[in-house]
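So the sequence shown is numbered by our numbering: it starts at 10 and just counts up by one.
So the structure is just underneath, and the comments pick up after that.
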Amino acid sequence: MKSVWSQSAVLICLSVFLASCQSLPSRIPESSKAYTELGLAYLEKKSYSLAETKLKHAIELYERNAEAHHYLAELYRVQGRKLLARDEYERAIALDRDNPSIWNNYAVFLCGIGEYEASEKWFLKAARKRGYEKRAEAYENAGVCMLAAGNRDRAIRHFDNALGIELRERSLLQLATLEIDQGQADRAVENLKRLHQFFKPSPESLYLLARAEKDLGHSDQVEKIANQFQELFPDSPLNRKVHSLFESHSEQGNHSGQNDR
10 MKSVWSQSAV LICLSVFLAS CQSLPSRIPE SSKAYTELGL AYLEKKSYSL
60 AETKLKHAIE LYERNAEAHH YLAELYRVQG RKLLARDEYE RAIALDRDNP
110 SIWNNYAVFL CGIGEYEASE KWFLKAARKR GYEKRAEAYE NAGVCMLAAG
160 NRDRAIRHFD NALGIELRER SLLQLATLEI DQGQADRAVE NLKRLHQFFK
210 PSPESLYLLA RAEKDLGHSD QVEKIANQFQ ELFPDSPLNR KVHSLFESHS
260 EQGNHSGQND R
């Protein structure tokens, strides 16, 4: 069974806005910094034409402004201008060879165009960078990209690495999904209960927990989850699925009881 998040598997976390313009190297002229800030502000507002104008002007003022190239690459990525995006990412990396935020975002771009092996390489480069505060996110991104590539074993390894750094909701959800699909419902239950110790239950986490408990034959737990789901998320599209799990499990139990008579 496909993950309930399969359609959004490549919606990977970006680090573009983590590298604030305040961290731009002092050698960059103030005028170029100012236009970089304006370009980023317009990019965040999705005013793409203005963002492109400001970022290009920042580069005209100082061609070696790596962040301006970086943000311009992000602009081209969201616009689907792949060749231009690749050129700007590579230019940004060449100008700033020690910036894991750029590596991570370049990897997002590569994953989005199906270059999974190259994407994984850049995610892992960012994840292994000492001092990078988003190492766990980069590992998680690598896991999501490997799911998109159909490589579940590598995805599991990357999610495990992410969780070894910090507890992350998405990594736990993805691991639980994979464990259920691989017939490891007991491990999925363990991970989902761990998740609920630190994060509020979500429709996705409760649905996965109901699936795992059903696979283990725990009808009482499935009923409990169905009732909890109805109370917390009555309007969720997954509500019907959770109750269907309980109803199908109850029917199986009834048939089994009748056959025993």
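Note that beta-carbon positions come from the ideal geometry of N, C-alpha and C, so glycine has one too.
Remember, it's a predicted structure, so these values are computed and weren't measured experimentally.
>> Suppose contacts are defined by Cβ-Cβ distances below 8 Å. Is Leu201 in contact with Ser211 by that definition?
In response: no
> Which class does Asp107 belong to by DSSP, given the choice of helix, strand or coil?
Replying inline: DSSP places Asp107 in the coil class of the three-state scheme, outside both helix and strand.
> Tyr115 and Tyr98 look like a contact to me (Cβ under 8 Å); what is the Cβ gap, rounded to whole Å?
Replying inline: Tyr115 to Tyr98, Cβ: 4 Å. Contact.
> If you draw a straight line from the alpha carbon of Glu232 to that of Gly192, how long is it in whole angstroms?
Replying inline: 21 Å
>> Taking a contact to mean a Cβ-Cβ separation below 8 Å, would you say Glu178 touches Leu204 in this structure?
In response: When the beta-carbon positions are compared, Glu178 and Leu204 come within less than 8 Å of each other.
>> Please tell me whether Ala219 and Leu187 are closer than 8 Å, where the distance is taken between their beta carbons.
In response: no
>> Can you list, in chain order, the residues of its chain with a C-beta nearer than 8 Å to that of Gln31? Leave out the 5 residues immediately preceding and following it.
In response: Residue placement at Gln31 cannot be trusted, given a pLDDT of 42 that sits under 50; the coordinates are not used to answer.
> Can you tell me the Cα-Cα spacing of Glu175 and Ala147, whole angstroms?
Replying inline: 12 Å
> Taking C-alpha atoms, which residue in Leu119, Val153, Pro243 lies nearest to Leu92?
Replying inline: Leu119
> Would you say Phe132 and Ala158 are within 8 Å of each other, going by their C-beta atoms?
Replying inline: A distance of 8 Å or more separates the beta carbons of Phe132 and Ala158.
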